[in-house]
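Chains as they are written, first to last, in this note's numbering: chain H, 9 to 187; chain E, 11 to 483.
Beta carbons are placed, not taken as given, at the ideal position from N, Cα and C, and that holds for glycine.
Just below is one structure, and these are the notes that go with it.
Below you can see the structure in the form of structure tokens.
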């Protein structure tokens with residue numbers, strides 16, 4: 009009798025085994041999770057929209073905007089340390105670059121150096137690159153570039169480029185306007 | 011042998027970590043977003059990029075901007091706007107389109123939108139980078155298998171496994187999934203050969219070891235069903251005794267010995283298994299299998315002793331379930347999970363030891379590892395983060411004197427409305443997770459109660475048998 013009973017118990021064990029180890033009992037499912045997750049997705053998108061709306065509200069009117077960005081190509085002749093900007097003789101930006109930032113620039117990034125609203129009319133931008141040129145006698149090196157421009161009609165976007173000037177003793181310091 | 015689709019293995023946790031192919035980004039505003047993101051300022055970079063795109067400042071490079079926007083939105087968990095941005099790039103054609111379709115395929119795959127994922131992958135035209143192509147083939151193969159398009163699944167997985175690409179996790183998982191496809195097609199010899207090649211891995215690589223264990227387990231069950239008990243036993247023995255599938259292997263090994271009436275040998279893995287965490291249903295099975303084995307050896311005294319031990323464990327287990335229920339009802343489970351869960355996490359059984367005790371992980375891991383639960387948890391964590399952001403922005407907007415008053419008031423009104431909706435949604439998500447946990451615990455309670463009843467009955471029968479045979483001595 010006990011043998012019979014134990015056999016039936018083992019059959020139960022085997023059935024249980026088959027259920028738990030092979031087919032796996034289904035875990036409770038959430039059949040109506042979809043709408044809730046969709047609601048969450050929409051909410052997150054709207055929270056992000058609020059951040060964007062605030063960013064737009066904080067920016068100057070597009071026609072008055074001047075956006076200055078900086079980029080560089082790695083060049084052993086010049087190690088960038090800092091960049092200073094003046095507009096109409098007034099200092100408006102100064103940034104010292106960390107090693108991580110130089111690496112991110114060398115990897116193809118661009119740094120937003122300045123976003124400013126300017127009154128409509130003529131202006132002058134002065135960009136000054138500070139760095140080290142290991143191969144020259146006086147190692148400290150500063151390069152300047154001036155650019156005259158007009159605001160009040162359209163947004164101005166300029167990129168300060170430090171690129172490898174081919175066949176020249178120093179890298180090329182240039183300003184490029186984007187339309 | 012018919013393998014369930016759940017036998018397949020995939021690498022969901024890695025999907026978003028892999029770079030997609032991207033066209034060169036020329037406009038410095040786009041490059042600025044990459045620069046800021048690489049320096050750990052991705053959220054701010056994303057907002058600026060979206061603002062520039064929204065105002066039409068990047069219309070001249072719309073596809074490049076949208077591709078980056080889509081990638082960054084995905085990384086921030088903003089699926090809906092990401093989908094819209096990537097769809098624009100994909101539909102626009104050109105060099106960036108394939109990268110967009112790949113991202114969309116991944117996105118739909120992750121969300122369980124199988125048909126949309128297959129449709130997105132099907133729109134990729136040109137060659138992808140080697141890693142991306144391997145990932146695409148693995149995912150497509152799995153999606154096709156799910157809808158029983160077996161020969162197409164096989165074609166994709168063969169391209170992956172036999173392609174010239176370098177060895178990677180994608181390829182190893184592809185071999186396992188190809189074996190599943192071949193089993194489903196009835197081509198068992200080919201499937202076995204593939205699994206055998208995986209089963210031989212003896213490495214410290216965690217992925218490969220787990221795959222090897224799964225291959226051995228599959229081969230063992232295959233041999234067990236074919237009645238080749240010796241071979242099944244050998245495959246069960248090859249598996250690790252500590253891996254994620256070791257409990258299944260121990261139970262299977264005992265079962266293989268028992269099928270040969272070798273109960274002494276069967277008791278070795280069953281006893282070992284019966285000492286593990288009793289929250290695991292396989293351990294509960296072992297608690298009953300052990301006294302059964304002793305009974306088969308006519309060792310009724312030990313059988314009785316182990317039945318009584320099992321009864322004690324089941325009683326304790328019911329008390330533990332009661333405690334976990336209290337943690338669920340009091341909100342401790344969700345709170346504990348939320349504090350230890352990063353948005354990119356995937357809760358697998360291996361990750362459970364790292365979870366706080368209040369989460370009830372050992373009883374609820376099956377629920378935790380479901381896609382729906384993890385998505386709800388992920389969203390719950392994000393809602394909490396959104397609430398913190400909204401509170402911070404509200405005080406900053408209030409203090410921003412440069413903003414025109416009307417704009418400030420409009421922004422504050424939007425923030426207040428979003429805060430209220432976030433609080434409501436947080437409550438709904440928490441309630442849903444609690445309800446699922448209660449269902450799971452109730453299932454467990456019923457199972458253990460049934461096991462306890464069976465155990466008591468067995469004990470009574472042993473006493474009855476003894477009384478009849480030995481007169482109650």
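Any C-beta of chain E within less than 7 angstroms: which residues of the region 87–103 of chain H qualify? Closer than 7 angstroms at the C-beta level to chain E, one finds no residue of the region 87–103 of chain H.
Within 8 angstroms, strictly: CB atoms of residue 373 (chain E) and residue 454 (chain E): In terms of Cβ geometry, residue 373 (chain E) and residue 454 (chain E) form a close pair [threshold 8 angstroms].
Looking at C-alpha atoms only, which residue of E:422, E:151, E:277, E:280 is the closest neighbour of residue 187 (chain E)? The option with the nearest alpha carbon to residue 187 (chain E) is E:151.
Is residue 158 (chain H) close to chain E? Criterion is C-beta to C-beta, closer than 8 angstroms. No - not a single Cβ of chain E is within 8 angstroms of the one on residue 158 (chain H).
Does DSSP put residue 95 (chain H) in a helix, a strand or coil? Residue state for residue 95 (chain H) is assigned as strand, using DSSP reduced to three classes.
Assuming the contact rule is C-beta atoms closer than 8 angstroms, residue 485 (chain E) and residue 284 (chain E) should be a hit. Round their C-beta distance to whole Å, please. For residue 485 (chain E) there is no data in the structure shown, the boundaries of chain E being 11 and 483.
To the nearest angstrom, how far is it from the Cα of residue 484 (chain E) to the Cα of residue 173 (chain H)? Absent from the model: residue 484 (chain E). The displayed extent of chain E is 11 to 483, so no value can be given.
Helix, strand or coil: which one does DSSP assign to residue 175 (chain H)? Per DSSP, reduced to three states, the secondary structure at residue 175 (chain H) is coil, with no helix or strand assignment.
Going along the chain, which residues of its own chain have a beta-carbon closer than 6 angstroms to the beta-carbon of residue 69 (chain E), five neighbours each way excluded? A distance below 6 angstroms between beta-carbons, with the five flanking residues on each side excluded, links residue 69 (chain E) to no residue of its chain.
Please classify residue 224 (chain E) as buried or exposed, where buried requires at least 16 other C-beta atoms within 10 Å of its C-beta. Per the 10 Å Cβ criterion, buried.
CB residue 120 (chain H) to CB residue 91 (chain H), shorter than 8 angstroms? The criterion of a C-beta distance shorter than 8 angstroms is not satisfied by residue 120 (chain H) and residue 91 (chain H).
The beta strand (DSSP E) with residue 79 (chain H) in it runs from where to where? Residue 79 (chain H) -> beta strand (DSSP E) spans 73–80.
In whole angstroms, give me the CA-to-CA distance for residue 191 (chain E) and residue 183 (chain E). Computed Cα separation, rounded: 12 angstroms.
Return the CA-CA distance between residue 481 (chain E) and residue 310 (chain E), expressed in angstroms with no decimal places. Computed Cα separation, rounded: 15 angstroms.
List, in chain order, every chain E residue whose beta-carbon is nearer than 9 angstroms to that of residue 181 (chain H). Simply none; closest approach about 16 angstroms.
Helix, strand or coil at residue 195 (chain E) according to DSSP, with G and I counted as helix: Residue 195 (chain E) sits in coil when the DSSP states are folded into three classes, being neither helix nor strand.
Give the C-beta separation of residue 122 (chain H) and residue 156 (chain H) to the nearest angstrom, bearing in mind that I take them to be a contact with Cβ-Cβ under 8 angstroms. Actually they do not touch by this definition, with Cβ atoms about 17 angstroms apart.
Residue 227 (chain E) (DSSP reduced to helix, strand or coil): Here residue 227 (chain E) carries a helix assignment [DSSP, helix/strand/coil].
Whose C-beta lies closer than 7 angstroms to the C-beta of residue 169 (chain H) among residues of the same chain, with five residues either side of it excluded? Excluding residues within five positions, the ones whose Cβ falls inside 7 angstroms are 79, 182, 184.
Buried or exposed, going by whether 16 or more other CB atoms sit within 10 Å of the CB of residue 302 (chain E)? Residue 302 (chain E) comes out buried.
Under 9 angstroms from the C-beta of residue 176 (chain H): neighbouring residues of chain E: Within 9 angstroms Cβ-Cβ: nothing; residue 176 (chain H) doesn't reach chain E, min ~23 angstroms.
What does residue 432 (chain E) touch in chain H if you count any residue whose Cβ is under 8 angstroms from its own? Those are 51, 55, listed as they occur along chain H.
Using a Cβ cut-off of 8 angstroms, pull out every chain H residue sitting near residue 87 (chain E), in sequence order please. Correct list: 52.
Quick check: is the beta carbon of residue 38 (chain E) nearer than 8 angstroms to any beta carbon in chain H? Taking Cβ atoms only, chain H reaches closer than 8 angstroms to residue 38 (chain E), which makes this a yes.
What does residue 127 (chain H) touch in chain E if you count any residue whose Cβ is under 8 angstroms from its own? By Cβ distance, chain E contributes nothing, its closest Cβ being about 16 angstroms from residue 127 (chain H), past 8 angstroms.
Three-state secondary structure (DSSP) of residue 135 (chain H): Looking at residue 135 (chain H) - three-state DSSP - the assignment turns out to be strand.
Going along chain E in order, which residues have a C-beta closer than 8 angstroms to the C-beta of residue 58 (chain H)? Within 8 angstroms Cβ-Cβ: 400, 403, 421, 424, 425, 428.
Three-way DSSP call (helix, strand, coil) for residue 185 (chain H) in this model: Taken through DSSP and simplified to helix, strand or coil, residue 185 (chain H) comes out as strand.
Measuring CB to CB, does residue 117 (chain H) end up less than 8 angstroms from residue 197 (chain E)? No, the Cβ-Cβ distance between residue 117 (chain H) and residue 197 (chain E) is not below 8 angstroms.
Is residue 407 (chain E) close to chain H? Criterion is C-beta to C-beta, closer than 8 angstroms. True, the Cβ-Cβ gap to chain H drops below 8 angstroms.
Spatial neighbours of residue 77 (chain H) within its chain, please: C-beta separation below 8 angstroms, excluding the five flanking residues on both sides. The residues 118, 119, 120, 121, 165, 166, 167, 168, in chain order, have a CB closer than 8 angstroms to that of residue 77 (chain H) in the same chain once the five nearest residues on each side in sequence are set aside.
Closer than 8 angstroms by beta-carbon distance: list the chain H residues that pair up with residue 48 (chain E), in chain order. In chain order: 112, 115, 117.
Determine the DSSP secondary structure at residue 104 (chain H), reduced to helix, strand or coil. Of the three classes helix, strand and coil, the one that applies to residue 104 (chain H) here is strand, per DSSP.
Pair within 8 angstroms by beta-carbon distance, residue 421 (chain E) and residue 53 (chain H): With a cutoff of 8 angstroms on beta-carbon distance, residue 421 (chain E) and residue 53 (chain H) are scored as not near each other.
By DSSP, does residue 473 (chain E) sit in helix, in strand, or in coil? Here residue 473 (chain E) sits in helix by DSSP.
Am I right that residue 56 (chain E) and residue 97 (chain E) are in contact with their C-beta atoms under 8 angstroms? What's the rounded C-beta distance? About 18 angstroms separates the beta carbons of residue 56 (chain E) and residue 97 (chain E), which is beyond the 8 angstroms limit, so they are not a contact pair.
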